[in-house]
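S.K.:
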Amino acid sequence: MTPDTHTFHTLGLVGSGVMGLGIAQIAVLAGLRVRLLDAREGVAAEGVQRLLSTLEGLAAKRKVSAEQLAFARQGLQPVQTVADLAGCELVVEAIVEDLAAKQALMRELEAAVAAQAVLATNTSSLSVTAIAAGLQHPGRVAGFHFFNPVPLMKIVEVIGGVRTEPAVVQALLALGRRMGHTAVQAQDTPGFIVNHAGRGYGTESLRLLAEQVAPLEDIDRVLRDTAGFRLGPFELMDLTGLDVSHPVMESIYHQYYEEPRFRPQGITRQRLTAGLLGRKSGQGFYRYADGQPQRSPEPPTGDARPARVWVSQADATGAERAMALLHNLGAVLDTGAQPGPDSLCVVTPLGHDVSTLAFQQGLPPQRTVGLCTLFDTHKRRVLMASPATAPEALAQARGLLGHDGVPVTVLQDSAGMVAARVVATIVNIASEMAQQGIAQPTDIDQAVQLGLGYPFGPLAWGDRLGPARVLQVLDELLASTGDMRYRASPWLRRRAQLGMGLTEVSRTA
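Here the sequence shown stands for residues 1 to 509, numbered as in UniProt numbering.
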């Protein structure tokens, strides 16, 4: 079999839900005739009419040409049975996410279509190899995974199963590009690229919440304002719904045989059991009124200020950033080798907690606070106090760092603070994906940025922060907690040790 994108003239699409209609839309706009099938009587015909109405609206806004609209009116056709898909060169199923249902449909399709036709599954979490198992020709089955809303989410994952023929994968990659999407190739592993790489954001944030490092609203604020995420993790889980996100967390964790990096927290299971799903139920991590989350006001920073500020030089880069910020805020800097008796002591943790740094450096714990310098400080400053930090010292630090009106978040003492823990976890998971050859590094970054909306691809993000600094955060977290979820990927460690970038191509590849 040697399928070629140029032979894909007619696409059969099984399932006319939101995902199916989205795929049909980009397919017909790319010049493919589409045959839409749904097991429910009359639903496919209704879907075609809804899609044509959408395209007419886009044409009125000049986002779709008159020629494309005319082709869609002729090329979109509802059909009644699997047998009606016999002339399609490619059939994509977008039915319920159930292995038995998909396997049964694939057997029906194999009996109906030509021997050289390609069969694709839009599964988001099931094994492509398992879906193709039992077919006479499993080599023509591949994953073709889009994201909702399909016309706007310009990414498609193409997944070859164990027996998928390479030509099938290449043909679908070309077709994805023809449809106007970035097409990336992934191995048939749990979560593929996007859902696999996305494990770090929610699970590590839940771990922070479970450890009471900060209230969930503060975790959301820190990750939005300093790391640049569009939504905080708890806002995102509320938007998705715990009935969707929690089963995915558990599924990927168990499919990887309880890999510690993907370990869920009991918080989401408990809240799911209580029916606190998110926006759809009116309450999740936030309460909602008229669809809007009800947030607690941020406390004022106050006007207390320290007489002088001493900054630890143990981390030269962090110290330089901290001193520049404090100077701009008008602080009087204590530049002595050791802090004076009235100086506020500032450390810049990189994987450590404040207690450890105060102990290691012989600093007075009552006057010592931690300042995050690894991420942006223009929208928010993040402080960390140890159990011994005096309230007046913390008040002075908050007042100074909020002197220009920028909000200040105070965290309880923990290794890695918030943004460093979460982003280092994301970078580490992506590094391990590269180590395992699940996808090429460039494809990992493209897929994650387009599929999850992160400000940077995870490997490029690791390069921006510095692989050695990311490695230090992970190593300190592992040493502090003993939790194997923080063990660094060998792929990350080697590049950090060699001074190589995470996006740099290996010379022996």
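A virtual CB, placed ideally from N, CA and C, is assigned to each residue, including glycine.
Remember, predicted model here, so these are calculated numbers, not experimental data.
Decide if ALA115 is buried, meaning its Cβ has at least 16 other Cβ atoms within 10 Å, or exposed.
M.R.: It is exposed - the Cβ of ALA115 has fewer than 16 other Cβ atoms within 10 Å.
S.K.: Once you ignore the five residues that flank LEU58 on each side, which residues in its own chain have a CB closer than 7 Å to its CB?
M.R.: Answer for LEU58: VAL64, listed in chain order.
S.K.: Expressed to the nearest angstrom, what Euclidean distance is found between the alpha-carbon atoms of GLU157 and ASP445?
M.R.: Near 13 Å, if we compare the C-alpha coordinates of ASP445 and GLU157.
S.K.: Measuring only the C-alpha atoms, how far is ARG305 from CYS345?
M.R.: Each residue's alpha carbon lies about 13 Å from the other.
S.K.: Per DSSP, ARG263 is paired with what?
M.R.: Note: ARG263 sits in no beta bridge, so no partner.
S.K.: Could you give the residue range of the alpha helix (DSSP H) that holds SER480?
M.R.: Segment 467–481, the alpha helix (DSSP H) holding SER480.
S.K.: Quick one: using the 10 Å Cβ neighbour count with 16 as the cut-off for buried, is THR508 buried or exposed?
M.R.: Counting Cβ neighbours within 10 Å, THR508 comes out exposed, since fewer than 16 surround it.
S.K.: With DSSP as the reference, please indicate the residues paired to PHE144 in a beta bridge.
M.R.: Bridge partners of PHE144: VAL158.
S.K.: Where ARG107 and GLN435 are concerned, what is the direct C-alpha to C-alpha distance, given to the nearest angstrom?
M.R.: One C-alpha to the other measures close to 35 Å.
S.K.: Take the Cβ of residue 530 as the centre, count every other Cβ of all protein chains shown within 10 Å, and call the residue buried at 16 or more, exposed below.
M.R.: Residue 530 cannot be examined here, being either before or after the span of the chain that is shown, 1 to 509.
S.K.: State the start and end residues of the unbroken beta strand (DSSP E) segment that holds residue 510.
M.R.: Lying before the first or after the last residue shown, residue 510 is absent from the chain, which here runs from 1 to 509.
S.K.: Hey, could you find the ends of the beta strand (DSSP E) THR10 is sitting in?
M.R.: Here the beta strand (DSSP E) through THR10 covers 10–14.
S.K.: Please classify LEU231: does DSSP put it in a helix, a strand, or coil?
M.R.: It is coil, neither helix nor strand.
S.K.: Identify whether GLU258 lies in helix, strand or coil by the three-state DSSP scheme.
M.R.: Reduced to three states, the DSSP call for GLU258 is coil.
S.K.: Exposed or buried, which one is ASN195 when buried takes at least 16 other CB atoms within 10 Å?
M.R.: Answer is buried; the Cβ neighbour count reaches 16.
S.K.: Evaluate contact between the stretch 161–179 and the stretch 404–422, counting only Cβ atoms and requiring at least three cross-stretch pairs below 8 Å.
M.R.: Cβ pair count under 8 Å is below three, so no.
S.K.: Can you grab the Cα-Cα spacing for the pair MET417 / LEU209, in whole Å?
M.R.: Using only the alpha carbons, I get a separation of about 12 Å.
S.K.: Do you know whose CA, among PRO138, GLN212, ALA314, PHE147, lies nearest ARG163's CA?
M.R.: Selected option, being the one with the closest Cα: PRO138.
S.K.: Ignoring anything shorter than 4 residues, give me the alpha helix (DSSP H) runs that lie fully in the stretch 97–142, in order along the chain.
M.R.: With a minimum length of 4 residues, the continuous alpha helix (DSSP H) runs that stay inside the stretch 97–142 are 99–112, 128–132.
S.K.: In terms of alpha-carbon separation, which member of ALA439, LEU471, THR503 lies closest to ILE159?
M.R.: Out of ALA439, LEU471, THR503, ALA439 has the C-alpha closest to the C-alpha of ILE159.
S.K.: Looking only at its chain, what residues have a beta carbon closer than 6 Å to the beta carbon of TRP310, apart from the 5 residues adjacent to it on each side?
M.R.: Within the same chain, TRP310 has close Cβ partners ASP334, PRO339, SER343, CYS345.
S.K.: What is the residue span of the beta strand (DSSP E) that GLU165 lies within?
M.R.: Neither: GLU165 is in no beta strand (DSSP E) and is coded neither H nor E.
S.K.: Would ALA117 and GLU89 qualify as a contact pair, given that the criterion is a beta-carbon distance under 7 Å?
M.R.: For ALA117 and GLU89, yes; Cβs fall inside 7 Å.
S.K.: State the start and end residues of the unbroken beta strand (DSSP E) segment that holds GLU93.
M.R.: First-last of the beta strand (DSSP E) with GLU93: 90–93.
S.K.: Tell me the residue span of the beta strand (DSSP E) that contains residue 562.
M.R.: Lying outside 1 to 509, the shown extent of the chain, residue 562 is not represented and no answer is given.
S.K.: Got a sec? Which residues, its chain only, sit under 7 Å from ARG207 by beta carbon, not counting five neighbours each side?
M.R.: So the qualifying residues of the chain are GLN265.
S.K.: Please report the straight-line C-alpha distance between PRO387 and ASP413, rounded to a whole angstrom.
M.R.: The alpha-carbon atoms of PRO387 and ASP413 are separated by roughly 7 Å.
S.K.: Do VAL92 and LEU13 have their C-beta atoms within less than 7 Å of each other?
M.R.: Yes, the Cβ-Cβ distance between VAL92 and LEU13 is below 7 Å.
S.K.: How is the alpha helix (DSSP H) around SER355 delimited, first residue to last?
M.R.: SER355 -> alpha helix (DSSP H) spans 354–361.
S.K.: For THR203, count neighbouring Cβ atoms within 10 angstroms of its own Cβ and tell me buried if that reaches 16, exposed if not.
M.R.: Classification of THR203: buried, given that the 10 Å Cβ count is 16 or more.
S.K.: From ALA44 to ARG50, what does the alpha carbon distance come to, in whole angstroms?
M.R.: Spanning the two alpha carbons is a distance of roughly 10 Å.
S.K.: Using a Cβ distance threshold of 8 Å, determine whether the stretch 368–384 contacts the stretch 315–328, with at least three qualifying pairs required.
M.R.: Segments in contact, yes.
S.K.: Would the beta-carbon of PHE234 fall within 7 Å of that of LEU223?
M.R.: For PHE234 and LEU223, no; Cβs fall outside 7 Å.
S.K.: Between which two residues does the alpha helix (DSSP H) carrying PRO441 extend?
M.R.: First-last of the alpha helix (DSSP H) with PRO441: 441–452.
S.K.: Near TRP461, what residues of its chain come up, given a Cβ to Cβ distance below 7 Å and the 5 sequence neighbours on each side ignored?
M.R.: Same-chain partners within the cutoff: VAL423, VAL427.
S.K.: Let me check understanding here. Comparing Cα to Cα, which of LEU239, ALA479, THR503, PHE8 lies closest to ASP353?
M.R.: Among LEU239, ALA479, THR503, PHE8, the Cα nearest to that of ASP353 is on ALA479.
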